[in-house]
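Under UniProt numbering, the very last position in the sequence shown is 119; numbers go up by exactly one each time. Quick reminder that beta carbons are idealized off the backbone N, C-alpha and C, glycines included. Report on the structure given below.
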Amino acid sequence: MPRTSVIQEEWWDLKAEVSWGNAPVGQDVVALLAENDQLRRALSGRVVVDQACGMVMALTPCRRGAARNLLVDVSRQCDLKLREVAAALVATSEGKPLPEHIQRALRRALRRLHTADLR
């Protein structure tokens, strides 16, 4: 038996009706749910990338753009997604070791960053 809930926002005087259970779901609801899920994943990935950029900026005096470029460089060298590299770097703040291949790529990227600063 389908259940229905009515939500009323008084200041807008709008009503939204949501069904769950065995009731058929419209294509527009399915599309919105998919978009919501995609946006949620994108935001969670962005948070960890921003945290990793902050760590790089604190450890190597550079601007945000240079920190992000460094992380992008490491992700390309390691053939990993940017958020995966960022998550590994952020995990080091919780005592987890940074994987060796990411360490090597990070060292190479830092050398290039410092070489570019000297020019």
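Per-residue DSSP class, three states only, for residue i
i: D65; result: For clarity, residue 65 is Gly in the given sequence; the question names Asp instead. Three-state DSSP puts G65 in a helix.
i: residue 161; result: The structure shown does not extend to residue 161, since the chain spans only 1 to 119, so no value can be given for it.
i: G26; result: coil
i: D73; result: helix
i: D50; result: helix
i: T115; result: helix
i: L39; result: helix
i: L80; result: coil
Contact set for residue i: own chain, Cβ-Cβ below 8 Å, skip 5 residues either direction
i: P99; result: A88
Residue nearest to residue i in terms of C-alpha spacing, selected from the options
i: V49; options: A86, S93, R107, V29; result: A86
i: A90; options: A42, A58, R41; result: Note that residue 90 is Val in the sequence shown, not Ala. Residue A58 is the option with its Cα nearest to V90.
i: R41; options: R83, G26, M55, L106; result: R83
i: S93; options: A31, D37, D73, V56; result: V56
i: R46; options: A116, R108, K81; result: K81
i: R76; options: C62, P97, R108; result: R108
Same chain only: Cβ atoms within 7 Å of residue i, ignoring 5 sequence neighbours per side
i: C53; result: R64, A67, R68, L71
i: T60; result: L110, L113
i: L106; result: V74
i: C78; result: V85, H101, I102, A105
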